[in-house]
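In what follows, a single structure is set out as structure tokens and then discussed.
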Amino acid sequence: LPEHAEAPLAAAAPPEAPASWPCAEEAYGFRIGEWRLVQADLREPEAVVAALAAAGMDPALPTLVISECVLVYMAAEESAAVVEAVGGALHEALWVTYDMYNPDDTFGRVMLRNLRPSFIPGMVAYPTLASHERRFLDRGWGQARSASMRSAYERLVPASEHRRVARVEMLDELEQWHLLMEHYCLTLACKGHACEAVLAELAPGA
-1 LPEHAEAPLA AAAPPEAPAS WPCAEEAYGF RIGEWRLVQA DLREPEAVVA ALAAAGMDPA
59 LPTLVISECV LVYMAAEESA AVVEAVGGAL HEALWVTYDM YNPDDTFGRV MLRNLRPSFI
119 PGMVAYPTLA SHERRFLDRG WGQARSASMR SAYERLVPAS EHRRVARVEM LDELEQWHLL
179 MEHYCLTLAC KGHACEAVLA ELAPGA
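First residue of the sequence shown: -1, per our numbering; consecutive thereafter.
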């Protein structure tokens, strides 16, 4: 934001990082010590891959890609293109993405009406768990698993963590929470043998 343009970027480093970490502007974005802050338009997949390469990304190393409610805001062809381009640039990769889905029941239609379909085109283009998997499988990723956030929470999060969270903040509207979580999904896609082994451990038979 303009009003923060003069703020020191080193302040964005992890708390344990030295305050003296050097910050330099690069063609791809910014370099802050060992960190690389890359800027690119996700609708231009070639530019995304070029920026990552310029920042020093080693395509031979296993790479974790995380997107949180990002792909849902992109047109179907745009999200599929960046999925294909990033996957094509990496030898071993695991992509974890969290997005909205399930627009065809009553709750989903209310979500679409409130948020506007043109604002979240991915929810319409990828309405089912299977379609979220196909977005990756059709674009060169070896395996993909998708589950509702309710299922992911119940199956992947240990019971001890469930109990800890319940102690921190009691939730008595479980039915509403379950309904909401049936309209968000977690998708894991992988390519390469090492990442496929990780996927099998995280989501066996999902």
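Beta carbons are placed, not taken as given, at the ideal position from N, Cα and C, and that holds for glycine.
| Item | Value |
| --- | --- |
| Given this structure, state the Cα-to-Cα distance separating Leu197 from Ala187, to the nearest angstrom. | 8 Å |
| Can you give me the Cβ contacts of Met72 inside the same chain, cut-off strictly under 8 Å, excluding the 5 residues immediately before and after it? | Leu40, Arg41, Val80, Pro119, Gly120 |
| Give a yes or no on whether the C-beta atoms belonging to Ala58 and Tyr26 are separated by under 8 Å. | no |
| Look at Leu92 and Cys193 and say whether their C-beta atoms are less than 8 Å apart. | yes |
| Whose CA, out of Ile64, Glu23, Glu199, Glu76, lies closest to the CA of Ala45? | Glu76 |
| Across which residues does DSSP place Leu62 in a beta bridge pair? | Leu92 |
| Do the segment 86 to 103 and the segment 118 to 137 touch if we need at least three Cβ pairs shorter than 8 Å? | yes |
| Between Pro115 and Val122, how many whole angstroms is the CB-CB distance? I'm expecting something under 8 Å. | 5 Å |
| By alpha-carbon positions, which one of Arg161, Met168, Trp19, Leu177 ends up nearest to Asn100? | Leu177 |
| Using CA coordinates, which residue listed in Ala38, Cys21, Arg143 is at the minimum distance from Ile30? | Cys21 |
| Would you list, in sequence order, the uninterrupted alpha helix (DSSP H) runs of no fewer than 4 residues that lie entirely inside the segment 37 to 86? | 43 to 52 |
| Is Met98 helix, strand or coil by DSSP? | strand |
| Measuring only the C-alpha atoms, how far is Met148 from Glu23? | For the sequence presented, residue 148 should be read as Arg rather than Met. Cα to Cα, the separation comes out at about 42 Å. |
| DSSP has Trp19 in a bridge; who is on the other side? | According to DSSP, Trp19 bridges with nothing at all. |
| Determine, using beta carbons only, whether Gly106 and His191 come nearer to each other than 8 Å. | no |
| Is Phe28 helix, strand or coil when you go by DSSP? | strand |
| May I have the straight-line CA-CA distance separating Arg34 from Arg133, to the nearest angstrom? | 28 Å |
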